[in-house]
Amino acid sequence: MRGHRREMAMKKRIKEILSGYAGESPGVLTNLARMLNHGTLGGTGKMVILPVDQGFEHGPGRSFAVNPPGYNPHYHFDLAVEAGCSAYAAPLGFLEAGAAEHAGEVPLILKLNNRDSLLDEKDPDQAVTGSVKDALRLGCVGVGYTIYPGSAHRLEMYGTLRDIAAEAKGVGLAVIVWSYPRGSGLSKEGETAIDVTAYAAHIAAQAGAHVIKVKLPSAHLAQDAAKKVYEKTQVPIGSLTDRVRHVVQSAFDGRRIVIFSGGAKEEDKVVFDEVRAIRDGGGFGSIIGRNSFQRPRADALEFLGTVMKIYAGKLT
Amino acid sequence: MRGHRREMAMKKRIKEILSGYAGESPGVLTNLARMLNHGTLGGTGKMVILPVDQGFEHGPGRSFAVNPPGYNPHYHFDLAVEAGCSAYAAPLGFLEAGAAEHAGEVPLILKLNNRDSLLDEKDPDQAVTGSVKDALRLGCVGVGYTIYPGSAHRLEMYGTLRDIAAEAKGVGLAVIVWSYPRGSGLSKEGETAIDVTAYAAHIAAQAGAHVIKVKLPSAHLAQDAAKKVYEKTQVPIGSLTDRVRHVVQSAFDGRRIVIFSGGAKEEDKVVFDEVRAIRDGGGFGSIIGRNSFQRPRADALEFLGTVMKIYAGKLT
Amino acid sequence: MRGHRREMAMKKRIKEILSGYAGESPGVLTNLARMLNHGTLGGTGKMVILPVDQGFEHGPGRSFAVNPPGYNPHYHFDLAVEAGCSAYAAPLGFLEAGAAEHAGEVPLILKLNNRDSLLDEKDPDQAVTGSVKDALRLGCVGVGYTIYPGSAHRLEMYGTLRDIAAEAKGVGLAVIVWSYPRGSGLSKEGETAIDVTAYAAHIAAQAGAHVIKVKLPSAHLAQDAAKKVYEKTQVPIGSLTDRVRHVVQSAFDGRRIVIFSGGAKEEDKVVFDEVRAIRDGGGFGSIIGRNSFQRPRADALEFLGTVMKIYAGKLT
Amino acid sequence: MRGHRREMAMKKRIKEILSGYAGESPGVLTNLARMLNHGTLGGTGKMVILPVDQGFEHGPGRSFAVNPPGYNPHYHFDLAVEAGCSAYAAPLGFLEAGAAEHAGEVPLILKLNNRDSLLDEKDPDQAVTGSVKDALRLGCVGVGYTIYPGSAHRLEMYGTLRDIAAEAKGVGLAVIVWSYPRGSGLSKEGETAIDVTAYAAHIAAQAGAHVIKVKLPSAHLAQDAAKKVYEKTQVPIGSLTDRVRHVVQSAFDGRRIVIFSGGAKEEDKVVFDEVRAIRDGGGFGSIIGRNSFQRPRADALEFLGTVMKIYAGKLT
Amino acid sequence: MRGHRREMAMKKRIKEILSGYAGESPGVLTNLARMLNHGTLGGTGKMVILPVDQGFEHGPGRSFAVNPPGYNPHYHFDLAVEAGCSAYAAPLGFLEAGAAEHAGEVPLILKLNNRDSLLDEKDPDQAVTGSVKDALRLGCVGVGYTIYPGSAHRLEMYGTLRDIAAEAKGVGLAVIVWSYPRGSGLSKEGETAIDVTAYAAHIAAQAGAHVIKVKLPSAHLAQDAAKKVYEKTQVPIGSLTDRVRHVVQSAFDGRRIVIFSGGAKEEDKVVFDEVRAIRDGGGFGSIIGRNSFQRPRADALEFLGTVMKIYAGKLT
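Chains as they are written, first to last, in the working numbering: chain A, 1 to 316; chain Y, 317 to 632; chain S, 633 to 948; chain C, 949 to 1264; chain D, 1265 to 1580.
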């Protein structure tokens, strides 16, 4: 009986989240539901996604030498499945190298654009290395796309996002946007400032994203014009929980799924506290790459297990 | 521990079935896996699909008056979900009328062609009433298509199937073919003759079907040339189990999923015995329409529950 | 030394055959060469192709009950490989069910049109059940297509052949035409008459076929107008060797590859004599289906081995 | 018996390599198998490819004056055939000038982009000088494409690669990527640094390459962030064998074919030692241009023969 | 008798030249043959083409004031016909203004890209001013296209050439490439250096040109890396005949038609000596614009007549 009541509550929460996307096709809703209903957090309205694009972004040695099984594309499928992640996101090659063998085991997101770090540019851009057609061919639930608000290339990136999102929605795929402020318009500190992070989330939502990934924001206010308003209107940004709440609010007042990156390797305790803040601030979950696959598998499973318990409310 | 071993066995069986489709894209494999892993029979390698195209085929009164909640498209989604069916198949309208509200609850199959019974033709044909694009828009795992081997229209139907199957495979959807011998080339008795049923399953497989639906065959042999061979080589067709085995063999020796229709309303005991024969003959499951939705919901759930228990080996 | 000289002679013969296709693209020449250079007869200028479309044409029971391993699509790939056939030809489903596992083992021909025998029509036609794109996807060297000269549907069949052949040549695939006189324009005896067979081969060549398959002709002359000329000009048609020579002559005087079907099951000695006649009359080889896969594998390998030895001149 | 066992082992090794491409179409698998099964190393799992694009890259005099028969396009077809190479790769013109005459003699790779050295640019780019359609027309097994990680043009090159790769895979062709770090992001020494080479191989794999060509890496570590990780995790890079192993590991842990360029003309002994290192480090073979066609034919055949013997394990 | 033997020798020479294009379609071969068999030099294997794009390149006054009838487009058709030229090449407008009246009188080449001299750029480019469709509409045998190896725009030019060449070949037209080294990568002297000219011819051949036009090369060696090789291998470049031979060798060892421009107005004797060098070095002919149409018609006819006599071997 209690199990049934819990199930009903969960179903209701998923429907509530999906109601934010009422104008989308049943195909898009289905693929969002596939992520929301999958894995350990299935039905809770929270998500933990495993992204593995660091090989492309930072090079294979920097990404996998610390835990060499990660060189093998199958490792990450297995990790996502066993940890009960909501989805696994990766560039074309990593999905091509395992999607057949792992068909149906975990929702897949094809990360459509990528960038390497062999050339350092002040205004970064990304290469489009996959397509919506690839995502269908590989059985994905959605496509991922990065934008760099603050870069001189941002307007072109928004435009390409629009084309890709339109094509994806046309075939029922979900659109997940990595919104990373970066480039000549921003100081290093500004990249994670609360006003900038909220702005980045809002841009992604306006550009048609279904799911938005941003970094956890600091209490810094980077833009003078924004700073004035934030201070005048006393937007609460003192605690991380406050700031998460503000970012979620900025992405259509909770009507868009906003998830936060796990950031670089830190002490686990710090990460767990961040997860609590995301949960308590109304965030929808985490996307945790390096912190997962750069440690031995058993450790990773325990680590992700704890994160999910916090999200599920089984750990305060 | 035993649970884990059972899970491993199930995963292995699904992989075994999918290995018969090695040349297909990961997308197709994913959508086949979605059906094979869903619902009560998820992971067993058996499937029970709920099809509701009788409204189109026989008219609403003939179909739903006996159990009026069935006039409501949501009723069938709910029935498929609650009964734990592997998938729900219906024409365009029925899916359009409920796919958003039931997004992600049960794998959907869009039945792409249909026929009404307002005109009786010796050589029947069907109208194409949906498209692969519709299936993507509605979040389906596959498309359904009927062919009538034996009808003067069959060659054109095979050709259209090819076009539809190619498009579906290109976007990662599964292709489910209803292969129903019918038309001027066949007597009434011939429509379900074992040689003709095996032939119908084989044609669907050669035409590129992933999942094949046929009627349960009788022991009759309709074609003289076939009769000679069956008798000379002593193909075992005495029991229904034998005949199911022969049909499965005829569909690439078990490398294509073959499911059998539940037929017209009969005594439940008869149906359960048929299900036992399908199970014991190596069939992959049932597709049961009228026998499900033309009785009160509680009855239907119990009836389908028993069918699934037989397939799962929980009832001998 | 002798080995090298033999190899040079073989290379020369292949180049000689290919010179008949000088206007075709290197892609088409490459795929013709792939067949001519593969298997036991590779390099001899002779070919033996295994076709398995009987399941579609006659039904699975009539085709495979006599040798049940043939229900399994892999059986035929293996048979073609082990026997050293020049190519394996089958409809879409049979190739889809094994092309991945047998990639690169034997040249494949996708039979693009097919017909079942559930409806007997005076003027037969075929359904298009595969496409040139399918052939590329499956790694084929060519596409097969049947025409029925003599049927009321022939003109449309010629037209469809043209479209398919144009598309195939545009992507470098070889075009193999099954030219089977049949239909209301012909008596049963006329279907294999020498004048009709020669005519059928010529039509295929004029329609752009690279490889032409016909039945072995009888000495019958079916058309009055032709009979007059054949008798007046004393075309030698007395022996089967004579008739093969005339058919090859009719297909552009030896500049198109003409192969002959192995016909229905007969005494092996009869078949071997036919093969000698094909060889001595300048035919390019055989396409042998039922006579191969309707006997136990070991028998089939011995049978095909003998056929190939005759073609290779190792048996007189 | 031993011959048969060896053949079985070889067939198994090829299947093992192809299993890394499980999601690809049978057409792609077929064309990969055509290279892996061709020539002297056919069936061993090792490949030696002859590439002749130096005429375009460095000019005809610099490329062919030292061995003038190389001005003739037929020379290179003949060399590849006689040496038993796994494939021959060249730009459009060289293939157009010989593919008809040499149809079916050796697997061909059309190098789709090229660059001349009449203008020296800090950030190099290439011109697209051929198409996937050209590759089909010429009977090729695959297309080749160069990327320059480290160049300011790299992102656009990755994007074009994606489009070309998608088109190639759609018609069953293999995708071979030359991944050459170069440009303003890298020092001369950095171009062949082990971290950069491993990164270049990984990028190609992520971009969807089936076969990856890189230069043999030095023990230099060029990127500070990588250097730190390599040293901390003690990635073994001391010997060339170690470094080859690391590059292969970086390309999906051996699930992508990685071959190494033969580099500039050196003493043969040096090259043979490099080949031993490639073999012992788990590399899949070599792509040797100038070292082959810039010496007299007899010398070249002996040189390539020795290389192949080392790969085949017939020379330690 | 002697006439017949001469005719046979000529036919053989044309076939020999066409054999270098064995992979091309009969349509392309036909259009090449039309030029090779037309006019005074028809059948000799030599060609003299009249190009009149100077109006576009240098302006009408600079081009035609010295011989005002040249302002009239018909003048050049007439000149080409009367002089017995192998073809007449011009931009869109000049052909549109006379192709109807002179239909069938002389093979036409539509020059597809052009450039004016109203703006002097270090790195020149050209505008595409005509299309393959225009060439068909105007009854042309081929299309002309200019590339500037050495210009910063060269890579894009090569890419456009590829697209145009593919389209032209697809409809059976010949592709004539003007390969003119020019741009920031080259000194003025380097533009006609023997190494650079040979390189330019090779690039055009690799890019798929059927006929290549270059300038007569000087004995200068412009690229250091090339200079080293030319000197070490003692490539003979002392005489103009030597240099022509080297350029022809660089364009696939005589398997591509290479013709040389007549250059700026010089003393006739100088031009005749150059023609002798082209002939003796194995060049295929000349393309002579200004030297023809910038003198009175009678003079031009005599001048071209002498050039053709030299090519035909009637003048030593």
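Each residue gets a CB set at the ideal place from its N, CA and C atoms; glycine is no exception.
For this session: Spell out whether any CB of chain C is found under 8 Å from the CB atom of Phe1516/D.
Result: For the purposes of this step, residue 1516/D is taken as the residue at position 252 of the fifth sequence. Closer than 8 Å to some Cβ of chain C, the Cβ of Phe1516/D qualifies, so yes.
Problem set entry | Presumed contact (8 Å Cβ cut-off) between Ala1462/D and Val1511/D, rounded CB distance | Numbered from its first residue, the fifth sequence carries residue 1462/D at position 198. Numbered from its first residue, the fifth sequence carries residue 1511/D at position 247. With a Cβ gap of about 5 Å, Ala1462/D and Val1511/D count as contacting.
Problem set entry | Span separating the alpha-carbon of Ala1157/C from that of His392/Y | Looking up residue 1157/C in the fourth sequence gives position 209. Looking up residue 392/Y in the second sequence gives position 76. Going by the C-alpha atoms only, they are around 46 Å apart.
Problem set entry | Closer than 9 Å at the beta carbon, the chain C residues around Asn31/A | In the first sequence, residue 31/A corresponds to position 31, counting from 1. The contacting residues do not exist; Asn31/A stays about 20 Å from chain C at best.
Exercise. What's the C-alpha gap between Val684/S and Pro723/S?
Worked result: The residue you call residue 684/S lines up with position 52 of the third sequence. The residue you call residue 723/S lines up with position 91 of the third sequence. Val684/S and Pro723/S: Cα-Cα distance of roughly 8 Å.
Problem set entry | N- and C-terminal bounds of the beta strand (DSSP E) containing Phe600/Y | Here residue 600/Y is taken as the residue at index 284 of the second sequence, counted from 1. Careful: Phe600/Y lies outside any beta strand (DSSP E) and carries neither H nor E.
Exercise. Going along the segment 1181–1206 of chain C in order, which residues come within less than 7 Å of chain A, judged by CB to CB distance?
Worked result: Thr1181, Val1183, Gln1197, Ser1198, Phe1200, Asp1201, Arg1203
Problem set entry | Short CB-CB distance (under 8 Å) between Gly599/Y and chain S | For the purposes of this step, residue 599/Y is taken as the residue at position 283 of the second sequence. No, Gly599/Y does not count as interfacial toward chain S.
Exercise. At a Cβ cut of 9 Å, what residues of the segment 1080–1094 of chain C count as close to chain D, listed as they run along the chain?
Worked result: Lys1081, Asp1082, Arg1085, Leu1086
Exercise. Quick one, are the C-beta atoms of Lys46/A and Gly254/A less than 8 Å apart?
Worked result: One-based indexing of the first sequence puts residue 46/A at position 46. One-based indexing of the first sequence puts residue 254/A at position 254. Their beta carbons are not under 8 Å apart, which means Lys46/A does not touch Gly254/A by this criterion.
Problem set entry | the segment 1552–1562 of chain D touching the segment 1478–1489 of chain D, judged by at least three CB pairs closer than 8 Å | no
For this session: Could you please give the first and the last residue of the uninterrupted beta strand (DSSP E) stretch that includes Leu110/A?
Result: Along the first sequence, one-based indexing puts residue 110/A at 110. Where Leu110/A is concerned, the enclosing beta strand (DSSP E) stretches over 108–111.
Exercise. Quick one, which of Leu173/A, Gly190/A, Val175/A has its alpha-carbon nearest Pro181/A's?
Worked result: Position 181 of the first sequence, counted from the start, is the residue given in the question as residue 181/A. Per the Cα distances, Gly190/A.
Problem set entry | Ala87/A: first and last residue of the uninterrupted alpha helix (DSSP H) it sits in | Taking the first residue of the first sequence as 1, we reach residue 87/A at position 87. Premise fails: Ala87/A lies in the beta strand (DSSP E), 87–90, not in any alpha helix (DSSP H).
Exercise. Measuring CA to CA, which of Ser1556/D, Thr1580/D, Gly1569/D, Leu1579/D is closest to Ser1611/D?
Worked result: With chain D running from 1265 to 1580 in the structure shown, residue 1611/D is simply not present.
Exercise. In chain D, which residues lie less than 8 Å from Gly655/S when you measure between Cβ atoms?
Worked result: Indexing the third sequence from 1 puts residue 655/S at position 23. Going along chain D in sequence order, the residues near Gly655/S (Cβ under 8 Å) are Ser1289, Pro1290.
Exercise. Measuring CA to CA, which of Glu437/Y, Pro440/Y, Val493/Y is closest to Gly460/Y?
Worked result: Counting from one through the second sequence, the residue named residue 460/Y turns up at place 144. Nearest of Glu437/Y, Pro440/Y, Val493/Y to Gly460/Y, Cα basis: Val493/Y.
Problem set entry | Close beta carbons around Ala729/S, own chain, < 6 Å, minus the five adjacent residues each side | For the purposes of this step, residue 729/S is identified with residue 97 of the third sequence, where counting begins at 1. Hits under 6 Å: Pro705.
Problem set entry | Per DSSP, cross-strand counterpart(s) of Tyr790/S | Here the question's residue 790/S lines up with position 158 in the third sequence. DSSP output for Tyr790/S lists no bridge partner at all.
Problem set entry | Three-state secondary structure (DSSP) of Gly375/Y | Counted from its first residue, the second sequence places residue 375/Y at position 59. Coil at Gly375/Y, not helix or strand.
For this session: Just confirm the distance between the C-beta atoms of Gly675/S and Ile649/S, as a whole number of angstroms; I'd bet it's less than 8 Å.
Result: Here residue 675/S corresponds to residue number 43 of the third sequence, with the count starting at 1. Here residue 649/S corresponds to residue number 17 of the third sequence, with the count starting at 1. About 11 Å; that fails the 8 Å criterion.
For this session: For Gly990/C, return the contacting residues in chain S, with the cut-off set at a CB-CB distance below 7 Å.
Result: For the purposes of this step, residue 990/C is identified with residue 42 of the fourth sequence, where counting begins at 1. Simply none; closest approach about 10 Å.
Exercise. Counting pairs of Cβ atoms below 8 Å between the segment 1288–1296 of chain D and the segment 1052–1064 of chain C, do you hit three or more?
Worked result: no
For this session: List the residues of chain C whose Cβ lies closer than 9 Å to the Cβ of Leu650/S, in chain order.
Result: Counting from one through the third sequence, the residue named residue 650/S turns up at place 18. What Leu650/S touches in chain C: Ala1048, Ala1051, Gly1052.
Problem set entry | Distance between beta carbons of Leu1067/C and Val1119/C, contact taken as under 8 Å | Within the fourth sequence, residue 1119/C is the residue found at index 171, counting from 1. Within the fourth sequence, residue 1067/C is the residue found at index 119, counting from 1. Val1119/C to Leu1067/C, Cβ: 34 Å. No contact.
For this session: Find the nearest neighbour of Asp195/A within the set Asp280/A, Gly238/A, Val66/A, judged by alpha-carbon distance.
Result: If you number the first sequence from 1, residue 195/A lands on position 195. Among Asp280/A, Gly238/A, Val66/A, the Cα nearest to that of Asp195/A is on Gly238/A.
For this session: Measure from the alpha carbon of Lys801/S to the alpha carbon of each residue in Ser819/S, Ser651/S, Ser657/S, then state which is nearest.
Result: Looking up residue 801/S in the third sequence gives position 169. Comparing Cα-Cα distances from Lys801/S to each of Ser819/S, Ser651/S, Ser657/S, the minimum goes to Ser657/S.
Problem set entry | Inter-residue spacing [alpha-carbon to alpha-carbon] between Gly375/Y and Ala381/Y | Here the question's residue 375/Y lines up with position 59 in the second sequence. Here the question's residue 381/Y lines up with position 65 in the second sequence. Cα to Cα, the separation comes out at about 10 Å.
Problem set entry | One or two residues paired with Tyr461/Y in a DSSP bridge | As a first step, residue 461/Y is located in the second sequence; it is residue number 145 there, counting from the start. Val493/Y.
Exercise. Shorter than 8 Å from the beta carbon of Ala1100/C to some beta carbon of chain D?
Worked result: Mapped onto the fourth sequence, residue 1100/C falls at position 152. Chain D, which has no Cβ nearer than 8 Å to the Cβ of Ala1100/C, makes this no.
For this session: Flag Gly172/A as yes if its beta-carbon sits less than 8 Å from any beta-carbon of chain Y, otherwise no.
Result: For the purposes of this step, residue 172/A is identified with residue 172 of the first sequence, where counting begins at 1. It does; some Cβ of chain Y falls within 8 Å.
For this session: In angstroms with no decimal places, state the Cα-to-Cα distance between Ala416/Y and Gly386/Y.
Result: For the purposes of this step, residue 416/Y is taken as residue 100 along the second sequence, with counting starting at 1. For the purposes of this step, residue 386/Y is taken as residue 70 along the second sequence, with counting starting at 1. If you take the alpha carbons of Ala416/Y and Gly386/Y, they lie about 18 Å apart.
For this session: Using a Cβ cut-off of 8 Å (strictly closer), state whether Met633/S contacts chain C.
Result: Along the third sequence, read from residue 1 onward, the residue named residue 633/S stands at position 1. Per-residue confidence for Met633/S stands at a pLDDT of 46, beneath the threshold of 50, marking its modelled position as unreliable; no derived number is given.
For this session: Would you grab the beta carbon distance between Ser1514/D and Ala1465/D for me? Rounded to a whole angstrom, and I think it's under 8 Å.
Result: Sequence index remark: in the fifth sequence, residue 1514/D carries index 250 (1-based). Sequence index remark: in the fifth sequence, residue 1465/D carries index 201 (1-based). With a Cβ gap of about 5 Å, Ser1514/D and Ala1465/D count as contacting.
Problem set entry | Beta-carbon proximity check, Phe904/S vs Ile942/S, cutoff 8 Å | To locate residue 904/S, count along the third sequence from 1; it is residue 272. To locate residue 942/S, count along the third sequence from 1; it is residue 310. Result yes, Cβ atoms of Phe904/S and Ile942/S sit closer than 8 Å.
Exercise. Can you round the beta-carbon distance between Val1312/D and Val1571/D to whole angstroms, since I take them to be within the 8 Å contact cut?
Worked result: Counting from one through the fifth sequence, the residue named residue 1312/D turns up at place 48. Counting from one through the fifth sequence, the residue named residue 1571/D turns up at place 307. Confirmed, Cβ separation roughly 6 Å.
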